[in-house]
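Read the structure below first, then the notes.
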Amino acid sequence: MPEEKTRKALSVCKIGACEPFCGLELEVSGDKIVGLKPDRAHPISEGYICVKGRNLLGYQNSKDRLLHPLKRSDGGWERLDWKTTTREIGTRLRDIASRHGPRAIATYWGNAADSLGITIANTFCHAFGSPNSYNVLSLEYSDRGVVAEELYGNENLILQPDVTGAKYAILLGTNPVVTQGLTLLQRRPHIGRDLKTAQAAGCKLVVVDPRFSETARMADLHLPIRPGTDLFLLLAMIRTIVTEDLVDADFIAAHTSGFEVWLERCVDWTPEWAEAITGLEADTIRTVAREFASADGAFLSSRVGVQTSHNSVLTEWALASLTAMTGNIDRPGGLYYNPGVIDTPKLIEKFTRRRNHSPSRIGNFPPVFGGLPCSVLPDEILTEGEGQVRALVVIAGNPVISFPDTAKIERALRELELLVVVDIFLNDTATFADYVLPAATAYERESWHFLVDAFNQYPFAELRPKVVDPPGECRGEWEIFKDISRAARVPFLNNPLFDKLARFLDFVGIGFSPSLLNRYLLFGKTPSYRTLKRSPRGARGRPFAFGSFFSRGIRTADGKIHLAPERFFDELNAALQRPPRVREDFPYILISGARRHESYNSWTHNIPHLAEKLRGNWAIVNEEDARDIGLGTGDRIRIRSESGQIEIEARTSKKISRGVIAVHQHWGHVYGSGMTSAEKYPGVNVNHLHSSEDRDALCGMPVFNGRPVSIEILQSGA
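Numbering-wise, our numbering comes out as the position in the sequence shown, counting from 1, plus 82.
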């Protein structure tokens, strides 16, 4: 039998929501990707690829791929055909909504979802009339949306740092040298190089982190802050620049409102006051504030280490306000808004006119980025009464691993009348499901991640072509939910016009496909759909220039940044009375994170080579703290919080501050899933220590960092 010829294809790396989407040259044989190498001609990644991308085939060609629709039965899993599966699911969803009301239906999308998956998940429950759409952003990014809505007039106006143009940069709770990104999904695979380029041109890099991370190692100044206290550092910096008249008065007068409120309130927030809370020296705080204010182009950027900690919205608000007070918005070296190829805020407004914008039943939280906070979902399921969630559809997510209060989310998943999971694996959450549906990967369908268009460094679009056919009976979410929507008698994409068009095009044999949606979105845009089809490495949009945010971007009625939302100051007054502190019974502070090169949340844990490198997770303890209590590397410890406890291996390190313990998140693969590599090294789920009720008062995000804990030595590893 002659050997099958191989062909080349250009695409990008896609593991979870890893941000750089680095360009790849793929080698394809038949319907299988058999090799890859970095695409040196790709305009953004320029030949870069990390260890995750080099092991992409362990994800794409995994022997654990889910290949057929499955239904739970008394004897285990029963294989069904697609027609039966979608009819049964749609019928059951319609029945649940009819008996219990529309709010009984909920959806959740995880960080492996692309724009199509996100759009489908967000619109599916709303097609029933339910507001209960949930997503992973409410575990780590909702603060950005709340602040953008209040300050700039639209939650999708996420500003990006001009890294290479900056003369001063402060990074809080982020390790971009490992994550290859800044802010929210900014596509910067060469971020380490960019930071070094900026430093060579005179930029001072300050890293605020309780860990001496890879990024801290290259910083000009490392500030080992006490976890959960970044807000108080920023308030003291604001007080310094305001009282010393270091603000940009012209910018404030022309482009902001509410500065006088800050002027009145900040008097007591001295660096000495902040020192007692943050553990950072007052003189250092004062010096950093002065240097930042006097720099010719400066930015602050926070990430998950801050966003998943105490006072996340207030901290992001203080960060944005400090940036505005120093005139560092919409200027080189500061923060800027990339308008992208399409107007994302306008697009989302257009496609969400039929949404149910009701707040959550539990906590009364409004939706942010299309979703209610995940922290309330378990209680929405477990709390009886009108509006109780009875059915949940999960797309490309793993809530039992990623949600706080693991025991509660386990209990909630078991209580559901119907749980449907759409994924490429029978993952941890799928072990609780009634139906598990096999999804196609990004290489098995055409896609365009249009919802992250504004997070590129400049207007740029890139179609991702279909490279191979899906194996077995795998399908894209588009086809899956088109059929389920019809069976449930709700309009596909929550759009009656699109639904009628889809039925007509399917009837005449043309098919209503994602490519038609992409054509529609790119109609009249630069680049056009035709241009992108001819440009396998993507294409730039219309040129971007600084100075256009206040004429084309901002959405407030008066065109100004609103620095002083009353509800923010109300919550700040409460936060000032309860700064995060350790307790006698819980003398250590826990942070959940410490990203490793080989890991991206739980998505790389089932790639065999990476799983062998990662080998689960452990607790990182300061060497001096360990010496004080007689703890050694390899010892097994029990970590307790008010919410729960875990047992885990300890490793000592001098790269973490005294009094701080770090445990890698997104582990705990103990459910007997179909992910053999993840099950081999299951790790321990640190979320047993986190309460779902400890959440940000303004957005509902849970607290994963800054948790008071105790440790107890159980067994020597010697």
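For glycine and all other residues, C-beta sits at the position ideal for the given N, C-alpha and C.
Note that the structure is a prediction, hence the values are computed from the model and not measured.
Separation of the CB atoms of P553 and F626 is rounded to 41 angstroms, and the pair is thereby denied contact status at 8 angstroms.
Its chain contains V386, G387, T390, A744, H746, Q747, F786, N787 as the residues whose beta carbon lies nearer than 8 angstroms to that of G675, once the 5 sequence neighbours on both sides are disregarded; these appear in chain order.
A direct Cα-Cα distance of roughly 18 angstroms separates A248 from F537. For P441, the closest C-alpha among the options L454, F314, L267 is that of L454. Just measuring C-alpha positions, the residue of I738, F631, D581, Y190 sitting nearest F485 is Y190. Cβ contact annotation for I483 (same chain, cutoff 7 angstroms, sequence separation greater than five): D510, S684, H748, G750, N767, in chain order.
When L233, H182, H691, S144 are compared, the shortest CA-CA separation from L645 is found for L233.
Taking 4 residues as the shortest admissible run, the segment 673-756 contains the following complete alpha helix (DSSP H) segments, listed from N- to C-terminal end: 690-696, 705-711.
Rounded to the nearest angstrom, the gap between the Cα atoms of V329 and R299 is 31 angstroms. Apart from the 5 residues on each side of it in sequence, G158 has no Cβ closer than 7 angstroms to any other Cβ in its chain. Rounded to the nearest whole angstrom, the CA to CA distance from L692 to N137 is 7 angstroms. Spanning the alpha carbons of K564 and I430 requires a straight line of approximately 20 angstroms. Under the DSSP assignment, S567 falls in the alpha helix (DSSP H) whose first and last residues are 559-570. DSSP places G453 within a strand segment (E or B) once states are collapsed to three. Of the residues assessed, K428 falls on the exposed side of the cut-off, its CB having fewer than 16 other CB atoms within 10 angstroms. Looking at the backbone, the Cα of E653 and that of F631 are separated by about 29 angstroms. Inside the segment 287-348, DSSP marks whole alpha helix (DSSP H) runs of 4 or more residues at positions 296-299, 312-325, 331-337, 341-347, from first to last along the chain. The alpha-carbon of S403 is positioned some 23 angstroms away from that of A358.
For A375, the enclosing alpha helix (DSSP H) covers residues 364-376. Per DSSP, reduced to three states, the secondary structure at V791 is strand.
Counting only unbroken stretches of 3 or more residues, no beta strand (DSSP E) element lies wholly within the segment 227-253. Taking each of R496, D121, I463 in turn and checking the Cα distance to N214, the smallest one comes out for I463.
Judged by their CB atoms, P647 and W351 are not nearer to each other than the 9 angstroms cut-off. Annotation: the continuous beta strand (DSSP E) that includes S93 extends over 88-94. Spanning the alpha carbons of D365 and Q281 requires a straight line of approximately 23 angstroms. Annotation for F651: the continuous alpha helix (DSSP H) segment containing it runs 648-658. Within the model, the alpha-carbon separation for W164 versus L604 is close to 32 angstroms. Taking each of I131, G361, D378, G235 in turn and checking the Cα distance to G284, the smallest one comes out for D378.
Following the DSSP letters along the chain, one finds A280 inside the alpha helix (DSSP H) bounded by residues 273-282.
For Y216, the uninterrupted beta strand (DSSP E) segment begins and ends at 215-217. The C-beta distance from F628 to D276 rounds to 17 angstroms, too long to fall under 8 angstroms, and the pair is not in contact.
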